[in-house]
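Protein chains in written order, with the numbering used here: chain A, 315 to 622; chain B, 13 to 363.
Shown next, in the form of structure tokens:
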């Protein structure tokens with residue numbers, strides 16, 4: 315037990331939290347933008363998966379990790395186009411379109427992997443690139459903070475920097491304001507002359523950028539291959555993180571870190587001989603509990619605030 | 013009105029076929045004999061009794077999961093826990109069969125009931141949380157699907173595992189617990205009849221009982237039902253628990269009907285298929301039956317071309333995803349030209 319306590323307080327443990335939380339933060343930022351624009355994107359999971367796939371394939375065929383990352387982001391944006399086409403042009407149900415995108419991405423990536431490599435499970439035969447890790451000068455030499463903060467995957471830093479960027483974008487820029495207006499009350503926004511469809515399309519595309527990057531982190535950093543359905547519900551967890559963060563970027567960051575730490579904690583405890591299956595279930599159960607607690611607080615505040 | 017109902021069903025069916033061909037024809041053209049691929053996919057499933065049996069076998073669980081989805085959607089609950097309920101239901105039923113030394117006549121219903129109760133948690137908990145805390149049933153049911161699988165795998169690995177088996181699986185079920193095949197050369201079992209009957213009961217419940225009316229009213233919007241004095245919250249919870257029970261029951265039936273031991277390592281996809289079937293059936297319990305058979309037909313067709321030509325079965329999922337969007341597309345189905353055609357010249361005023 316002493317070993318466990320020591321390992322939980324070690325800098326490596328905190329570094330692991332940052333690493334595991336990265337894809338959740340990235341995708342949650344994308345979900346946040348789409349949610350605030352009034353189009354909750356269940357398809358984030360599928361966008362992420364396509365991003366992970368395209369990152370591996372394009373980096374393998376061009377030999378460039380950068381091209382892979384760009385391809386992953388474009389793949390996410392194509393998912394955004396798909397969502398916008400389904401919701402705005404075909405006027406299909408938003409949630410069901412998201413489910414359809416997830417289904418299509420899951421099947422489509424397996425099909426494409428099979429077409430390219432003859433395998434369905436894993437991209438082992440593709441010689442794909444990974445994105446670099448970044449060592450921060452000065453910081454890396456600090457005793458404890460160096461281990462925690464330096465040497466991470468480049469997208470980890472991008473994820474953390476994107477949080478204030480998204481906060482500023484949503485709260486301090488005209489486009490962000492318009493997106494929120496559209497999300498809050500589409501009719502009123504329309505009456506003031508805003509194009510609801512264009513703003514929601516932009517939100518879907520931005521969500522795709524983040525989800526695609528989140529996918530690229532998984533397949534070009536966290537691991538160095540693509541395997542079928544490798545996102546394993548992280549898109550849905552990001553959705554939950556956004557709900558827990560109440561649509562605010564910093565709150566969403568806190569929620570993502572919380573869910574990420576549960577994941578890391580589960581991995582650490584599995585080393586102690588606890589059943590790994592139960593520990594794997596823990597992040598999902600904690601997410602549900604956190605959602606319920608958060609909801610409870612919201613309903614209480616609402617009852618206090620309103621007079622019947 | 014009847015004409016409108018028939019016409020819209022026919023148009024939905026037409027669209028399903030259209031989407032099927034839109035995906036299938038280009039894929040077939042990639043192969044040396046596109047005609048062969050197409051005919052194998054489209055006509056192959058009717059060639060042998062065994063294949064037609066496969067359609068029914070595949071449609072059986074999705075009829076029940078679709079019924080669960082329809083009930084919950086009609087009540088206004090966007091609950092996607094059927095996938096996890098199905099998994100836990102199958103697992104619990106398997107565990108009961110292995111642990112309870114009872115005669116099958118008592119043991120089978122008891123095992124299925126236990127499966128239904130345990131499995132209903134995956135749909136029921138999100139329903140209760142939604143009612144008490146306001147947490148989105150959509151997100152929490154998606155999360156619980158994953159939790160259900162890992163908890164199930166824990167039970168399988170620690171309590172049910174057959175140490176002599178090569179792969180992770182439970183002990184063999186006693187032979188007398190397994191459903192017998194009803195039709196020679198197929199594996200169609202009693203569960204298929206149960207599923208059809210359940211859909212009919214579901215239709216009667218929704219359309220011909222006062223509680224079914226309450227379900228439909230509270231599904232259209234809570235303000236109206238509140239003005240009527242309906243307790244929508246309690247009804248919502250009840251329907252989600254019932255939905256979970258139906259889906260979990262389906263998992264138990266699938267287990268005893270088609271398996272000799274518990275071998276699932278992950279969710280089976282039957283829940284998602286149920287969602288698709290429910291969408292194609294337009295949330296109408298009776299139409300679930302043809303819709304489930306259609307999806308079963310696609311799966312068998314996909315399987316046949318996979319075996320004969322190596323076409324990956326994932327194309328079936330692509331077809332399903334597209335069907336789902338097209339069928340829910342308001343732009344297509346509420347298009348003025350189509351509406352006019354559906355309702356004839358007289359129906360316009362009636363909408």
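Just so you know, even glycine gets a beta-carbon here, dropped at the ideal spot from N, CA and C. All of these numbers come straight from a predicted model, not from anything done at the bench.
- Remark: three or more beta-carbon pairs, one from each stretch, lie closer than 8 Å, so the segment 402–420 of chain A and the segment 352–371 of chain A are flagged as touching.
- Just so you know, the alpha carbons of residue 339 of chain B and residue 72 of chain B end up roughly 22 Å apart.
- In the displayed model, residue 173 of chain B falls within a strand according to three-state DSSP.
- With a threshold of 8 Å between beta carbons, residue 612 of chain A makes contact with chain B.
- Minimum Cα-Cα distance from residue 427 of chain A among the listed residues B:193, B:331, B:183 and B:324 corresponds to B:324.
- The Cβ atoms of residue 278 of chain B and residue 98 of chain B lie no closer than 8 Å to each other.
- Residue 509 of chain A sits away from residue 423 of chain A, with the two beta carbons spaced by 8 Å or more.
- For the segment 489–512 of chain A, the set of residues with a beta-carbon nearer than 8 Å to any beta-carbon of chain B is empty.
- The beta carbons of residue 80 of chain B and residue 322 of chain B sit about 35 Å from each other, so the pair does not count as a contact at 8 Å.
- Looking at the backbone, the Cα of residue 478 of chain A and that of residue 360 of chain A are separated by about 25 Å.
- The secondary-structure analysis by DSSP pairs residue 436 of chain A across a beta bridge with A:541.
- Within the same chain, and ignoring the five residues on either side of residue 326 of chain A in sequence, the residues whose Cβ sits closer than 7 Å to its Cβ are 461.
- Rounded to whole angstroms, the Cβ separation of residue 294 of chain B and residue 105 of chain B is 31 Å, and the two are not in contact under 8 Å.
- With at least 16 other beta carbons inside 10 angstroms of its own, residue 416 of chain A counts as buried.
- The three-state secondary structure of residue 237 of chain B, taken from DSSP, is helix.
- At a beta-carbon threshold of 8 Å, the residues of chain B lying near residue 589 of chain A are 166, 169 and 170, ordered along the chain.
- Counting other Cβ atoms within 10 Å of its Cβ, residue 296 of chain B reaches 16 or more and is therefore classed as buried.
- The Cβ atoms of residue 595 of chain A and residue 162 of chain B lie closer than 8 Å to each other.
- Residue 158 of chain B has a beta carbon lying within less than 8 Å of a beta carbon in chain A.
- Just measuring C-alpha positions, the residue of B:95, B:62 and B:49 sitting nearest residue 259 of chain B is B:95.
- Judged by pairs of C-beta atoms under 8 Å, the segment 512–531 of chain A touches the segment 328–347 of chain A, as three or more such pairs exist.
- In the DSSP assignment, residue 87 of chain B falls outside any alpha helix (DSSP H), carrying neither H nor E.
- Here the C-alpha atom of residue 500 of chain A lies approximately 50 Å from the C-alpha atom of residue 65 of chain B.
- If you check the CB distance, residue 390 of chain A and residue 549 of chain A do not come in under 8 Å.
- Look at residue 182 of chain B here: in three-state DSSP terms it is strand.
- For residue 471 of chain A, the closest Cβ of chain B is not nearer than 8 Å.
- The contact set of residue 329 of chain B on chain A, defined by CB atoms closer than 8 Å, consists of 417, 418, 420 and 421 in chain order.
- CA-to-CA, the gap between residue 504 of chain A and residue 496 of chain A works out to about 8 Å.
- With its beta carbon less than 8 Å from one in chain A, residue 146 of chain B belongs to the interface.
- Taking a Cβ-Cβ cut-off of 7 Å, the neighbours of residue 411 of chain A in chain B comprise 337, given in sequence order.
- Residue 501 of chain A: member of the alpha helix (DSSP H) spanning 500–505, first to last residue.
- For the pair residue 69 of chain B and residue 573 of chain A, the Cα-to-Cα distance works out to about 40 Å.
- Looking at the DSSP output, residue 466 of chain A sits in a beta bridge with A:448.
- Comparing C-alpha distances from residue 542 of chain A to each of A:398, A:345 and A:418 shows the shortest one belongs to A:418.
- Interface annotation for the segment 376–408 of chain A against chain B: 400, 403, 404, 405, 406 and 407, criterion Cβ-Cβ distance under 8 Å.
- Contact check between the segment 369–388 of chain A and the segment 428–445 of chain A: three or more CB pairs, one atom from each, fall below 8 Å, which counts as touching.
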